[in-house]
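Residue numbers (the UniProt record's numbering): 1 to 323.
First the structure, in the form of structure tokens, and then the observations on it.
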Amino acid sequence: MVFYPLIQRRLFHALPSASKFIISPQIKQAIQNGGPVVALESTIISHGMPYPQNVETARMVESIVRDQGAIPATIAILNGQVHIGLNNDTLEELGKLGPKAVKASRRDLAPVMALKKSGATTVASTMILARAAGIPVFVTGGIGGVHRGADQSFDISADLTELGKTPVAVVCAGVKSILDIEKTLEVLETQGVTVATVGPTKRFPAFYTPDSGFDSPSRVPDAQTAASVILANHDLDLKNGMVFAVPIPEEHAANIQAIQDAIDTAVQDARSHGIRGKEETPFLLKRITELTKGKSLEANIALIKNNAKIGGQMAVALSKLKL
Ligand code: PSU
Ligand code: MN
Numbered sequence: 001m002v003f004y005p006l007i008q009r010r011l012f013h014a015l016p017s018a019s020k021f022i023i024s025p026q027i028k029q030a031i032q033n034g035g036p037v038v039a040l041e042s043t044i045i046s047h048g049m050p051y052p053q054n055v056e057t058a059r060m061v062e063s064i065v066r067d068q069g070a071i072p073a074t075i076a077i078l079n080g081q082v083h084i085g086l087n088n089d090t091l092e093e094l095g096k097l098g099p100k101a102v103k104a105s106r107r108d109l110a111p112v113m114a115l116k117k118s119g120a121t122t123v124a125s126t127m128i129l130a131r132a133a134g135i136p137v138f139v140t141g142g143i144g145g146v147h148r149g150a151d152q153s154f155d156i157s158a159d160l161t162e163l164g165k166t167p168v169a170v171v172c173a174g175v176k177s178i179l180d181i182e183k184t185l186e187v188l189e190t191q192g193v194t195v196a197t198v199g200p201t202k203r204f205p206a207f208y209t210p211d212s213g214f215d216s217p218s219r220v221p222d223a224q225t226a227a228s229v230i231l232a233n234h235d236l237d238l239k240n241g242m243v244f245a246v247p248i249p250e251e252h253a254a255n256i257q258a259i260q261d262a263i264d265t266a267v268q269d270a271r272s273h274g275i276r277g278k279e280e281t282p283f284l285l286k287r288i289t290e291l292t293k294g295k296s297l298e299a300n301i302a303l304i305k306n307n308a309k310i311g312g313q314m315a316v317a318l319s320k321l322k323l
């Protein structure tokens, strides 16, 4: 029986590929010391919200992470270089680029970098780059999933397979009902992904609303317990990722019927405009914002702020546990 020194319980070390990343000194030092760092994605900035709300929200999310005692690291690719942590200027640059930035999932990373393009990272690619940099906790709004009609279109987000093979904990508000939530949970099960609702009930949340009608396979009462689950996954050397689903706070939850109607209309519009593939999620988000006259955007901002709070607490709890 081999006993590992305690220091090896640190979740991960940076991989060699991270030597080429642009990492702020503060983030680098925190990672080296096993301190609390929270990775944040950038497709939500470029393709998920309009300018200037996208930049304002990104800044607010970063400051909420800091309020919990953790360090935010927004991840993006600018002119072919991976940035772990954006500053005021680079965040503004990405926010203004908006959908002109490449929506870069796993398959897009290599061409975006080699061709020196600017790419906003999805959940899948943010996980890859966070893992490479040595960051185990990642906060976002919602993950991608199995699209409605996937039995015909085969449209299943690469986020789900990434969760099956990259050991990063993703804090989100569940998945939107633009997707087929039941099938999304099935694929997560097949991929061996731990899915836990954070809070008093087991209900898996549906992004704008706290209850999708389906149960998560697990539940944790709070961020501290979530951190112990991450550590157990690491101690078993399981390579899969994890989803910690945080329901939107009740006071911010959108009117269920109004949002459902908007989603149904948006999905029909996508079909009639022939929107497919990677364009579908951004199209639906924009259309839902229009149809709800901005109400969905308000809910979106509220839930990501709440996720940032819980994710920041998880990173802090984890850094105490693993040292
Ligand atoms: N779902 C949301 N908001 C988002 C996204 C998904 O509610 O901004 C973004 C995330 O970056 C996610 C990506 O990783 O869309 C999934 O896109 P696709 O379905 O094309 O894999
Ligand atoms: Mn897709």
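For each residue, glycine too, the CB sits at the ideal point set by N, CA and C.
Could you give the DSSP three-state label for residue 98: helix, strand or coil?
In this structure, residue 98 counts as helix in the three-state DSSP scheme.
Report the residue from 201, 52, 174, 116 whose alpha carbon sits nearest the alpha carbon of residue 342.
Because the chain in this structure spans residues 1 to 323, residue 342 falls outside the shown range and cannot be described.
Which runs of the alpha helix (DSSP H) fall wholly inside the stretch 174 to 252 and span at least 4 residues, in chain order?
Segments of the alpha helix (DSSP H) lying fully in the stretch 174 to 252: 181 to 190, 223 to 235.
So, is residue 307 buried or exposed, given that buried needs 16 or more other C-beta atoms within 10 angstroms?
Buried, since its Cβ has 16 or more Cβ neighbours within 10 Å.
Run the Cβ filter for me: residues under 6 Å from any heavy atom of the ligand MN, listed in the order they occur in the chain.
Qualifying residues come out as 155, 157, 277, 278.
Could you round the C-beta distance between residue 139 and residue 119 to whole angstroms and report it? I think they count as a contact, below 8 Å.
Rounded, the Cβ-Cβ distance is 20 Å, inconsistent with contact.
Exposed or buried, which one is residue 320 when buried takes at least 16 other CB atoms within 10 Å?
Exposed, by the Cβ-count rule.
Excluding the five sequence neighbours on either side, which residues of its own chain have a C-beta within less than 8 Å of the C-beta of residue 278, listed in chain order?
These residues qualify, in order along the chain: 103, 105.
Thinking C-alpha only, which one of 77, 86, 100, 79 is nearest residue 71?
Per the Cα distances, 86.
CA-CA distance, residue 153 and residue 125?
In a straight line, the C-alpha of residue 153 is about 22 Å away from that of residue 125.
Which first and last residues belong to the alpha helix (DSSP H) in which residue 27 is found?
Residue 27 -> alpha helix (DSSP H) spans 25 to 32.
Could you tell me the alpha carbon to alpha carbon distance between residue 269 and residue 254, rounded to whole angstroms?
Roughly 21 Å between the two C-alpha positions.
Roughly how many angstroms lie between the CA atoms of residue 83 and residue 77, to the nearest whole one?
Distance between the alpha carbons of residue 83 and residue 77 is about 6 Å.
Just how far apart, CA to CA, sit residue 186 and residue 198?
Rounded to whole angstroms, residue 186 to residue 198 spans 19 Å at the Cα level.
Suppose contacts are defined by Cβ-Cβ distances below 9 Å. Is residue 312 in contact with residue 64 by that definition?
Cβ atoms of residue 312 and residue 64: closer than 9 Å.
Pop quiz: residue 142 and residue 116 are said to be a contact at Cβ under 8 Å. What is the actual Cβ separation, rounded to whole angstroms?
The Cβ separation is near 30 Å, so there is no contact.
Let me check you understand the geometry: is the CB of residue 315 closer than 8 Å to at least one non-hydrogen atom of the ligand PSU?
Not under cutoff, so the answer is no.
Look at the alpha carbon of residue 208 and the alpha carbon of residue 245, and state the distance between them as a whole number of angstroms.
Looking at the two C-alpha atoms, the distance is approximately 12 Å.
Going by DSSP, what residue range makes up the beta strand (DSSP E) through residue 337?
Any answer about residue 337 is impossible in this case: the structure gives the chain only from 1 up to 323.
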